[in-house]
Amino acid sequence: MPTSPSLRHPRRAADLFLVFALSLAGCEAHAEPASHPQRDAARLSQPKALHAARLFDATAGTILANVTVRIAGDRIASVVAGAAAPPDAMELGDVTLVPGLVDAHTHLMANDTGDYIDMLTQKSEAYRTLEAVANARAVLYAGFTSVRDCGNEGLMYADVALRDAIEKGLVEGPRLRVATRAIAAPGGYLPFRVSTDLAVRPSGAQIVNGIDEARRAAREQLANGADLLKLYADFPASPTEPIRPTLTVDEMKAAVDVAHASGHKVAAHAMSLPGIRNALAAGVDSIEHGNDADLETLRLMAARGVFLVPTQAVIALEIESEAPGSPRRAVLQAQVEGGKRLIRDAVASGVKIATGFDSAESAHHGQDALEAVTLVAHGMSTTAALQAATVRGAELLGWTDRIGSLEKGKLADIVAVPGDPTRDVHALERVSFVMKGGVVVRNDLPPRTK
Ligand SMILES: [Zn+2]
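If you use my numbering, the sequence shown corresponds to residues 638 to 1087, in order.
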């Protein structure tokens, strides 16, 4: 069965359908209303089943051969291995099906090009939101069908709007869990230096001072649509100063109590050991970055079920842009070595690890697979890195009932990569097919005839 051209070019087909639908609208009283391109694209690209040479069982960490995934609506109806393709299956050939990937820490609303204040002051909120729409599509096309957005960098609740617009099918993007404004102490987040003369001072987070303000911010953010809270447990006072704890344990605990009371999770940015310890004492659910976490602290996290999201790839990307021999490159190289130590100890401790790319630049959005690649370069097994980007991410997002593995009852979020990703993690960087909720959103595979 040849792959229908409409599957490969959903928008073109949708445009034709739109013209057709509009021409009908004038003739028949009960004709469907003028159609929406996104909705029609969905209707035209929903195969009943997919067949492929291999499938990654993310729960077991194994590869199944000769697999058919049957789809009913937006869910997986069955997964059958070791059998030929049924007649109604879309044949994807010599690829491995993996669960829709999960990025547990990114910033879709951020297109920082080197000067954070410029990002906050030289672009309108509307323009930055449109940038985020483009970023969301890039991330989806890279195979990341679910994303936890860990702070919108001064955009109030625009990430809630993006999440809801994606959910409604108005724009393309991954399923989102959003942290909205994030919460920080005065002087505890970007931008570093702002003139005291400005009537309205730009800030990348909601600034709180004291327990009451922390509680108020937590309640406001959740009431306005946040899925999780993001706290800044430590930060340097300037780029050249050391990282120091910022929010107190009591301030963070006030926010954590508000979030947990309504079933929401809390992520803490924490890089220094004192900051990490404070965040753990406050009861957070995940440590973001965690650079200086030692083995003892990682074991404590493992015992409590607290996640580590180590965000190592951004350092590797940054080092590439530095000239050999530059002082900055030496600093970054030390961070890479520190990252290898962190991953080695984290794996030894048994702490749960989820991949987070921490992208905040337009050039980076869509390269999210680089985090899994970097974790492997730092010593994690390929299978564990794949699980960090699938089942573990799903658990951190609180969505184990719907994503993270390809099995009956879960959402049909399915990605195809070449070769065997358990042998070569770089396969995640070569996504050729993306399905979200049973709808093909990208298909670069050559048309096949059975
Ligand atoms: Zn971040």
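Each residue gets a CB set at the ideal place from its N, CA and C atoms; glycine is no exception.
Please list the terminal residues of the continuous alpha helix (DSSP H) segment that includes residue 777.
Translated into positions along the sequence shown, residue 777 becomes position 140. Looking at the DSSP string, the run of the alpha helix (DSSP H) that includes residue 777 is 762-778.
Between residue 980 and residue 1017, which are expected to be in contact by the criterion C-beta below 8 Å, what is the C-beta distance as a whole number of angstroms?
For the purposes of this step, residue 980 is taken as residue 343 along the sequence shown, with counting starting at 1. For the purposes of this step, residue 1017 is taken as residue 380 along the sequence shown, with counting starting at 1. A Cβ-Cβ distance of about 6 Å is found for the pair residue 980 and residue 1017, placing them in contact under the 8 Å criterion.
Counted within 10 angstroms of its Cβ, other Cβ atoms place residue 986 as buried (16 or more) or exposed
Your numbering for residue 986 matches position 349 in the sequence shown. By the neighbour-count criterion, in which 16 or more other beta carbons inside 10 Å mark a residue as buried, residue 986 falls on the buried side.
Residue 711 and residue 1030 closer than 7 Å at C-beta
Here residue 711 refers to the residue found at position 74 when the sequence shown is read from its first residue. Here residue 1030 refers to the residue found at position 393 when the sequence shown is read from its first residue. In this structure, residue 1030 does not lie closer than 7 Å to residue 711 by Cβ.
Nearest to residue 872 (by Cα), restricted to the options 848, 754, 825:
Mapped onto the sequence shown, residue 872 falls at position 235. Residue 825 is the option with its Cα nearest to residue 872.
How long is the line joining the alpha carbons of residue 691 and residue 1049, rounded to whole angstroms?
Here residue 691 corresponds to residue number 54 of the sequence shown, with the count starting at 1. Here residue 1049 corresponds to residue number 412 of the sequence shown, with the count starting at 1. Between residue 691 and residue 1049, the alpha-carbon positions lie close to 16 Å from each other.
I want to check one thing, is the minimum distance from the CB of residue 786 to the heavy atoms of ligand 1 below 6 Å?
As a position in the sequence shown, residue 786 is number 149, starting the count at 1. Every heavy atom of ligand 1 is 6 Å or more from the Cβ of residue 786, so no.
Alpha-carbon spacing of residue 666 relative to residue 765, whole angstroms
One-based indexing of the sequence shown puts residue 666 at position 29. One-based indexing of the sequence shown puts residue 765 at position 128. With a pLDDT of only 40 at residue 666, under 50, the local geometry of the prediction cannot be trusted, and the value read off the model is given with reservation. Roughly 42 Å between the two C-alpha positions.
Per DSSP, what kind of secondary structure is residue 663 in: helix, strand or coil?
Residue numbering aside, residue 663 sits at position 26 when the sequence shown is read from its first letter. The pLDDT assigned to residue 663 is 37, lower than 50, so where the model puts this residue is not dependable; a value taken from the coordinates is nonetheless given after this. Note: residue 663 maps to coil in three-state DSSP.
So residue 821 and residue 869 are in contact, right, with Cβ under 8 Å, and what is the actual spacing, rounded?
Mapped onto the sequence shown, residue 821 falls at position 184. Mapped onto the sequence shown, residue 869 falls at position 232. Residue 869 and residue 821 do touch by the CB rule: their CB atoms are close to 4 Å apart, below 8 Å.
What's the call for residue 685, buried or exposed, on a 16-neighbour Cβ count within 10 Å?
Your numbering for residue 685 matches position 48 in the sequence shown. Classification for residue 685: exposed.
Using beta carbons (cut-off 7 Å, strictly below), is residue 842 in contact with chain B?
As a matter of chain content, chain B is missing from the structure shown, which is built from one protein chain.
Could you pull the start and end residues of the beta strand (DSSP E) that residue 941 belongs to?
Reading the sequence shown from its first residue, position 304 is the one you call residue 941. Boundaries around residue 941 are those of the alpha helix (DSSP H), 932-941, since no beta strand (DSSP E) includes it.
Between the CA atoms of residue 881 and residue 839 - distance to the nearest angstrom:
Within the sequence shown, residue 839 is the residue found at index 202, counting from 1. Within the sequence shown, residue 881 is the residue found at index 244, counting from 1. Annotation: residue 839 to residue 881 spans about 22 Å, alpha carbon to alpha carbon.
Flag this pair as yes or no: are the beta carbons of residue 816 and residue 855 separated by less than 7 Å?
Translated into positions along the sequence shown, residue 816 becomes position 179. Translated into positions along the sequence shown, residue 855 becomes position 218. Contact annotation: residue 816 and residue 855 have beta-carbon atoms that are not nearer than 7 Å.
Opposite residue 794 in the DSSP bridges: which residues?
Your numbering for residue 794 matches position 157 in the sequence shown. Paired residues: none, contrary to the question.
Same chain only: Cβ atoms within 6 Å of residue 867, ignoring 5 sequence neighbours per side:
Reading the sequence shown from its first residue, position 230 is the one you call residue 867. Around residue 867: 787, 788, 816, 819, 904.
Residue 719 to residue 700, Cα distance in whole Å?
The residue labelled residue 719 in the question sits at position 82 within the sequence shown. The residue labelled residue 700 in the question sits at position 63 within the sequence shown. CA-to-CA, the gap between residue 719 and residue 700 works out to about 12 Å.
Given the structure, does residue 995 come close to ligand 1, in the sense that its CB is under 6 Å from one of the ligand's heavy atoms?
In the sequence shown, counting from the first residue as 1, residue 995 sits at position 358. Distances from the CB of residue 995 to the heavy atoms of ligand 1 include at least one below 6 Å.
In three-state terms, what does DSSP make of residue 1015?
Translated into positions along the sequence shown, residue 1015 becomes position 378. In this structure, DSSP gives residue 1015 a state outside helix and strand, which the three-state scheme calls coil.
With a floor of 3 residues, list each beta strand (DSSP E) that falls wholly inside the stretch 940-1026, ordered by position along the chain.
Counting only runs of 3 or more, we get 944-946.
Is it the case that the stretch 736-748 contacts the stretch 984-999, given that we only count it when at least three CB pairs across the two stretches are under 8 Å?
The count of Cβ pairs closer than 8 Å, one atom from the stretch 984-999 and one from the stretch 736-748, reaches three, so the stretches are in contact.
For residue 668, which three-state DSSP category applies?
For the purposes of this step, residue 668 is taken as the residue at position 31 of the sequence shown. Low per-residue confidence applies at residue 668: pLDDT is 44, beneath 50, and the placement is therefore not dependable enough to give any value.
Would you report the Cα separation of residue 983 and residue 941, rounded to the nearest angstrom?
Here residue 983 corresponds to residue number 346 of the sequence shown, with the count starting at 1. Here residue 941 corresponds to residue number 304 of the sequence shown, with the count starting at 1. Those two C-alpha atoms are separated by around 14 Å.
Once you ignore the five residues that flank residue 1039 on each side, which residues in its own chain have a CB closer than 7 Å to its CB?
In the sequence shown, residue 1039 corresponds to position 402, counting from 1. Within the same chain, and ignoring the five residues on either side of residue 1039 in sequence, the residues whose Cβ sits closer than 7 Å to its Cβ are 1047, 1048.
Is the separation between the beta-carbon of residue 1019 and that of residue 1059 shorter than 7 Å?
Residue numbering aside, residue 1019 sits at position 382 when the sequence shown is read from its first letter. Residue numbering aside, residue 1059 sits at position 422 when the sequence shown is read from its first letter. Result yes, Cβ atoms of residue 1019 and residue 1059 sit closer than 7 Å.
Take residue 978 and list the residues in its own chain whose beta-carbon comes closer than 6 Å to its own, dropping the five residues that flank it on each side.
Working through the sequence shown from its first residue, we reach residue 978 at position 341. Once the five neighbours on either side are set aside, residue 978 has no close Cβ partner at all.
Where DSSP assigns a beta bridge to residue 1100, which residues make up the other side?
Limits of the chain in this structure are 638 at one end and 1087 at the other, which puts residue 1100 out of reach.
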